[in-house]
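Undergrad: The structure follows.
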Amino acid sequence: MRGHARARRRDRRVYLRSHPLLFGLLAATRGRPVRRLGRTLLVHDAGAYREALTRLPLDRTAAGTTGGAARAALGGSGGVLFDQEGSGHRADRRGLAGELGTASVARLRSVWQPLLVRRLSPLAEGGEVDLVELSRELAGAVVCALLDCAADPRAVARAAAEAAAASVRSHLPGPRRPGAQAAAARAADRLRRLLGPADEALSAMVAVAAVNTTVAALPRSVAWCADAGLWDQAADEALRPVLADELLRVTAASPLLPRVAASQGSVGGCPVRGGDRLLLVARHAAEAHRRDPDAREPAGPGLAHLVFGAGPHACPGAGAARFLLADVLAALAPYRPVVTRARVDRRAALPGWRSLTVRAGS
1 MRGHARARRR DRRVYLRSHP LLFGLLAATR GRPVRRLGRT LLVHDAGAYR
51 EALTRLPLDR TAAGTTGGAA RAALGGSGGV LFDQEGSGHR ADRRGLAGEL
101 GTASVARLRS VWQPLLVRRL SPLAEGGEVD LVELSRELAG AVVCALLDCA
151 ADPRAVARAA AEAAAASVRS HLPGPRRPGA QAAAARAADR LRRLLGPADE
201 ALSAMVAVAA VNTTVAALPR SVAWCADAGL WDQAADEALR PVLADELLRV
251 TAASPLLPRV AASQGSVGGC PVRGGDRLLL VARHAAEAHR RDPDAREPAG
301 PGLAHLVFGA GPHACPGAGA ARFLLADVLA ALAPYRPVVT RARVDRRAAL
351 PGWRSLTVRA GS
């Protein structure tokens with residue numbers, strides 16, 4: 001219990017130091033499944049969360065939504081999966097799901113596993129490793145392999161992170177950063193040039209999504225594992241995949257899904273009008289705020305997978321994310337690392353660490 005309390009205190013810092021007003025509001029309103037504040041509905045309950053994503057008509061191009069932010073991140077390009085509907089959306093999702101299927105994940109593991117061995121080798125000699133830098137390189141390498149791109153993986157990761165940070169900051173509540181839109185456009189141009197000419201919008205979307213969720217999720221998950229003393233579970237081949245699910249649930253890389261209703265309906269018994277804004281709190285729906293990760297008594301896929309969305313618009317990269325985290329845990333488990341330094345990234349698109357340094361434990 002004390003270990004989990006320490007892990008939760010550390011992890012809470014990424015919210016309180018990056019978006020303190022927003023997450024303070026979400027924490028203050030989570031006592032009710034759905035709460036209306038003017039034209040905005042805050043959705044905390046798992047059932048209402050699923051209902052909003054699977055039964056309520058949504059405007060996927062509206063400003064302030066994930067689709068709107070994706071368009072802004074890519075300089076206004078449409079057709080980026082997050083903002084699609086109908087046959088175009090289904091075709092792109094099928095294509096991406098195929099690229100992230102079992103055979104493709106096996107190919108991607110052949111890319112990230114040797115990288116893990118090389119980058120974690122300093123731990124064997126008493127050295128330290130920055131897991132944020134490692135996560136950037138892993139994400140960039142995966143994106144380059146997936147898109148058959150010859151660019152420097154770290155350059156791709158930097159450009160994808162910059163594009164997302166500039167656009168998302170301009171959509172979330174809170175003070176606006178001067179020049180954010182111009183910065184997003186410049187980063188999007190850099191990303192497109194790095195990735196090359198093939199299907200620019202979809203390729204850039206894959207890069208933005210993969211890089212930002214990976215860099216947010218992996219260091220936070222490892223920090224929780226270290227602080228809570230879960231390395232025995234990480235070392236167990238049977239428990240490790242379940243632990244990866246549990247850590248992804250409690251860290252909730254995309255903790256908040258902003259949406260806009262396209263027409264009237266209801267969510268959790270609360271009437272919704274067209275144009276109403278919905279803040280779908282994935283971390284509360286998955287009970288990340290009250291249920292600690294434990295591979296021996298897991299929350300189960302019904303809750304754990306909610307952090308990847310629900311229904312036809314759920315994240316097609318969820319399976320690859322689980323494999324990647326499980327392999328990271330497997331590579332780290334022999335060292336039983338401890339966190340030596342951690343610094344919050346106040347500018348990132350998703351709550352996370354700017355640096356998180358570990359060394360081998362005793």
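Residue 213 in the numbering used here sits at position 213 of the sequence shown, with consecutive numbering throughout.
Don't be surprised by glycine CBs; every beta carbon is placed ideally from N, CA and C.
(1) Taking only the alpha-carbon atoms, compute the straight-line gap between THR357 and SER203 and give it to the nearest angstrom.
(2) What first and last residue would you give for the beta strand (DSSP E) that runs through ALA348?
(3) Could you pull out every residue in the same chain whose Cβ sits closer than 7 Å to the Cβ of LEU56, ignoring the five residues on either side in sequence?
(4) In chain order, what are the residue ranges of uninterrupted alpha helix (DSSP H) at least 4 long that sit wholly in the region 260-327?
(5) Tell me which residues share the same chain as ASP327 and place their Cβ nearer than 7 Å to its Cβ, disregarding the 5 neighbours each side in the sequence.
(6) Less than 7 Å between the beta carbons of VAL339 and ALA223, yes or no?
(7) Under the three-state reduction of DSSP, which class applies to VAL80: helix, strand or coil?
(8) By Cβ distance below 6 Å, which residues in the same chain neighbour SER355 in space, the five residues on each side in sequence not counted?
(9) Have a look at ARG154 and VAL307 and give me their C-alpha separation to the nearest angstrom.
(10) Identify which residue in LEU147, ALA187, ASP152 has its Cα closest to the Cα of ALA165.
(11) Contact check, LEU380 vs ALA216 under 8 Å by CB: the rounded distance?
(12) Only counting the same chain, and skipping five residues up and downstream in sequence, which positions put a Cβ closer than 6 Å to that of VAL143?
(13) For LEU53, count neighbouring C-beta atoms within 10 Å of its own C-beta (all shown protein chains included) and say buried if the count is 16 or more, exposed if not.
(14) Does the distance from the CB of ARG277 to the CB of THR40 come in under 7 Å?
(15) Hey, would you say ALA304 sits closer than 7 Å to ASP245, going by beta carbons?
(16) Within a Cβ cutoff of 8 Å, which residues of the same chain sit near PRO122, ignoring the five residues on either side of it in sequence?
(17) Measure the alpha-carbon distance for GLY229 versus ALA62 and round it to whole angstroms.
(18) Start and end of the alpha helix (DSSP H) containing ARG136?
(19) With H, G and I counted as helix, E and B as strand and the rest as coil, what does DSSP make of THR61?
(20) For ARG346, which residues of its own chain have a beta-carbon under 7 Å away from its beta-carbon, when the five flanking residues on both sides are left out?
(21) Under a Cβ-count criterion, where at least 16 other Cβ atoms within 10 Å of its own Cβ denotes burial, should ALA103 be classed as buried or exposed?
(22) As a quick exercise: from LEU58, ARG13, LEU146, ARG9, pick the residue whose alpha carbon is nearest that of LEU279.
TA: On the basis of the data shown:
(1) Locating residue 357 in the sequence shown gives position 357, where the first residue counts as 1. Locating residue 203 in the sequence shown gives position 203, where the first residue counts as 1. Roughly 31 Å between the two C-alpha positions.
(2) Numbered from its first residue, the sequence shown carries residue 348 at position 348. Looking at the DSSP string, ALA348 is not in any beta strand (DSSP E), and its letter there is neither H nor E.
(3) Start at 1 with the first residue of the sequence shown, and residue 56 comes out as number 56. The answer, listed in chain order, is ALA261, GLY265, VAL267, VAL272.
(4) 282-285, 301-304
(5) As a first step, residue 327 is located in the sequence shown; it is residue number 327 there, counting from the start. Excluding sequence neighbours, ASP327 sits near ARG109, TRP112, GLN113, LEU116.
(6) Numbered from its first residue, the sequence shown carries residue 339 at position 339. Numbered from its first residue, the sequence shown carries residue 223 at position 223. For VAL339 and ALA223, yes; Cβs fall inside 7 Å.
(7) Reading the sequence shown from its first residue, position 80 is the one you call residue 80. Caution is warranted here: a pLDDT of 47 is assigned to VAL80, below 50, making its placement in the model unreliable, and no coordinate value can be reported.
(8) The residue given as residue 355 occupies position 355 in the sequence shown. The answer, listed in chain order, is ASP130, VAL132, ARG343.
(9) Reading the sequence shown from its first residue, position 154 is the one you call residue 154. Reading the sequence shown from its first residue, position 307 is the one you call residue 307. Taking the straight line from one Cα to the other gives about 26 Å.
(10) Position 165 of the sequence shown holds residue 165. The option with the nearest alpha carbon to ALA165 is ALA187.
(11) There is simply no residue 380 to check, as the chain begins at 1 and stops at 362 in what is shown.
(12) For this step, residue 143 is matched to residue 143 along the sequence shown. Correct list, in chain order: VAL156, ALA207, ALA210.
(13) Looking up residue 53 in the sequence shown gives position 53. It is buried - the Cβ of LEU53 has at least 16 other Cβ atoms within 10 Å.
(14) Here residue 277 refers to the residue found at position 277 of the sequence shown. Here residue 40 refers to the residue found at position 40 of the sequence shown. Taking 7 Å as the Cβ cut-off, ARG277 and THR40 qualify as a contacting pair.
(15) For the purposes of this step, residue 304 is taken as the residue at position 304 of the sequence shown. For the purposes of this step, residue 245 is taken as the residue at position 245 of the sequence shown. Their beta carbons are under 7 Å apart, which means ALA304 touches ASP245 by this criterion.
(16) As a working mapping, residue 122 is identified with position 122 in the sequence shown. Contacts found: GLU128, VAL129.
(17) For this step, residue 229 is matched to residue 229 along the sequence shown. For this step, residue 62 is matched to residue 62 along the sequence shown. Between GLY229 and ALA62, the C-alpha separation is close to 43 Å.
(18) Position 136 of the sequence shown, counting from 1, holds the residue named residue 136. From DSSP, the alpha helix (DSSP H) with ARG136 extends over 131-147.
(19) On the sequence shown, residue 61 is found 61 positions in, with the first residue counted as 1. THR61 falls in the coil class under three-state DSSP.
(20) Mapped onto the sequence shown, residue 346 falls at position 346. The residues are ARG17, SER18.
(21) Here residue 103 refers to the residue found at position 103 of the sequence shown. Classification of ALA103: exposed, given that the 10 Å Cβ count is below 16.
(22) By 1-based counting over the sequence shown, the position of residue 279 is 279. Out of LEU58, ARG13, LEU146, ARG9, LEU58 has the C-alpha closest to the C-alpha of LEU279.
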